[in-house]
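This report refers to the structure that appears directly beneath it.
Residue numbers (UniProt numbering), protein chains in the order written: chain S, 1 to 314; chain R, 1 to 364.
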């Protein structure tokens, strides 16, 4: 220790080029943080008038901002939750298929195919949802209400267009599938091969190997992948705005023509015609959406990062 | 007793394959169950209960029958553990096929509905100005998309690339950790929030409560694009072997020149790939552009003045504001969707080709 203190540290000569270059990288790195902060600050500043807005400014029968945003937040969470309920099991299945079942040579190509789903613009999903999916599922909805109408979620009267919460949830599920699949696939592939081979050598079938080695290893990854998918589903705008026939109430029924709309869809539908405090109200609902997705994403990232440190992967 | 029987049977059966289903039995069972449900629906059709042959029902119920049949068959021949394994194999494969259905359906319907209007010559040579009903085109939207996405790329690539360089080459400690974390969080910002941010920013700056212009859309897209560029470039820069950097340092090359002349060229293909994929990610964004760039039927080359149309918003407005001649508007919406999908797929394909052709051979 004393010798280290005596000897002056070797340091490369600082050239102006070095100084300029490293500073510019630091500046642009910090700029990212500044942009994120700016998003929060500007939205907050523009939202303040909404909190003290006149009761008449709100559409529907809401008298203050919280009454206005409440049903919207419910619709957002409800649709996203339903989408996740459908997407997560299928996504895990696809991820397992690509990582452990498909022939090795095909696996990567099949992965690309699923990734293509992520590349389709949301407005095209909207067109598809309303032009293809809604008419396709409407007869099933009629049957569902007829046979399972006693179940509260499927209570009638059935929507004649198929533009219901369930349809939106299906479209959202398709949209978040590739995100959840891509992440879980990566994590499944990181399972130590030794674990897998050991359980196979002990006579486990492939499914037993997966339940004993792959799934326990990937559990945190699946959770965080689902939360990232949740973040995407919460913020999805155009598909919901186009497919749903909206109302502004808290409704749990999935198949009626009265459906709770989401924050994002509500903004997209009303923003072009909004003026005055109406704009601020919509911006404020956007701020709420921002906060919700930020929290969801941060939790997901914390889980991923903790797992990274634990597994030594990456 | 049992000893003698095994001794006599041994030459005839292979003990390793005993108690197992033959190799191709899953396929045979699948075809058989489709045949069974198919003949069931055939009978229904012939008896007049259904109009036409129910092909979807055949495949759907046939697959369910397959799941049950293979489970039972395997249960009695191979035991419960193998049976479960076979059932899960069937389920996992079905999950994959189910996910492909919407993709194929979507591409197919877009092609079928979009091609007629897409192939009319006016679609890429005219705007929607003074067009009511049939005719007109999406030139104004294509120009707007190119301008806005181009500017967004020009802003976000330098910032994103420099940040990625900071994270891989310089960044240690809390700032780097914070940037990594918040870049990840930023990838999850809903696109509409980015549009609202651009609106909030510029309506305050210019004190115009109804502001709409193209550059604002570019700023909104930048917010969405930067994290993608940072993440992909960072991954690529990390792939550059440390030996290359050390060799450069050993020759006395300063750090910034090492980065510019050694690290960046080595990872260039990967970075270009990442940038192309990030462009394909934002080029289809509708919500932010709807909010800050608005929509119009006329050409507009000026990013800083007046509303500017973009392709995704074109698709949306054609759908949402259908005039008297509904079909013409729907056709144009689908044609716009087809254009978008083509652009996105070409960008993705090009990115993969670049990645494949020019990626550095790391000697593995």
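Using N, Cα and C, we set each Cβ at its ideal position, and we do this for glycine too.
Chain R places a beta carbon closer than 7 Å to that of residue 25 of chain S, counting this residue as a contact.
Residue 144 of chain R is positioned such that its CB atom lies no closer than 7 Å to that of residue 123 of chain R. Chain S places no beta carbon closer than 7 Å to that of residue 34 of chain R, leaving this residue out of the contacts.
Residue state for residue 293 of chain R is assigned as coil, using DSSP reduced to three classes.
Here residue 240 of chain S really is in contact with residue 79 of chain S; their C-beta atoms are around 7 Å apart, less than 8 Å. Rounded to the nearest angstrom, the Cβ distance from residue 254 of chain S to residue 154 of chain S is 7 Å, consistent with a contact under 8 Å. Under the DSSP definition of a beta bridge, residue 247 of chain S partners with S:260. In the three-state reduction of the DSSP assignment, residue 20 of chain R falls in the coil class. Sequence-ordered contacts of the segment 54-85 of chain R with chain S read 81, 82, 84, 85 [C-beta pairs closer than 9 Å]. Take residue 209 of chain R, set aside five residues on each side of it, and the residues of its chain with a beta-carbon closer than 6 Å to its own are 203, in chain order. Among the residues facing chain S, residue 253 of chain R is not included, as its CB has no counterpart in that chain under 7 Å away. Taking 8 Å as the upper bound for CB-CB distance, residue 214 of chain R and residue 148 of chain R are in contact here, some 5 Å apart. Against chain S, a Cβ distance below 7 Å from residue 184 of chain R picks out 301. Interface annotation, residue 42 of chain S: in contact with chain R, CB-CB separation under 7 Å.
Per DSSP, the unbroken alpha helix (DSSP H) holding residue 78 of chain R starts and ends at 55-78. Boundaries of the alpha helix (DSSP H) harbouring residue 358 of chain R: 326-358, taken from the DSSP string.
Taking residue 140 of chain S as reference, the option from S:210, S:163, S:47 with the minimal CA-CA separation is S:163. Under the Cβ distance rule, residue 22 of chain R does not count among the residues neighbouring chain S, no pair being separated by less than 7 Å. The segment 69-134 of chain R contains, as complete alpha helix (DSSP H) runs of 4+ residues, the segments 80-119 (chain order). Within the segment 255-280 of chain R, those residues whose Cβ lies closer than 9 Å to any Cβ of chain S are, in chain order, 255, 256, 257, 259, 260, 277, 280. Take residue 287 of chain R, set aside five residues on each side of it, and the residues of its chain with a beta-carbon closer than 7 Å to its own are 191, 192, 195, in chain order. Counting along the chain, residue 54 of chain S sits inside no alpha helix (DSSP H), nor does DSSP assign it H or E at all. Under the Cβ criterion of 7 Å, residue 135 of chain S is not counted among the residues facing chain R. Of all residues in the segment 306-323 of chain R, only 312, 315, 316, 319 place a beta-carbon less than 7 Å from a beta-carbon of chain S. Around residue 74 of chain S, the same chain offers 250, 260 as residues with beta carbons nearer than 7 Å, after the five sequence neighbours per side are excluded. Look at the segment 339-352 of chain R: the residues with a C-beta under 9 Å from a C-beta of chain S are 340, 341, 344, 345, 347, 348, 352.
Judged by their CB atoms, residue 163 of chain R and residue 230 of chain R are nearer to each other than the 7 Å cut-off. Between the alpha carbons of residue 141 of chain R and residue 246 of chain S lies a gap of roughly 28 Å. The C-beta of residue 148 of chain S comes no closer than 7 Å to any C-beta of chain R. Going by DSSP, residue 316 of chain R is part of the alpha helix (DSSP H) stretching over 311-320.
With respect to residue 93 of chain S, residue 92 of chain R sits close: the two C-beta atoms are nearer than 7 Å.
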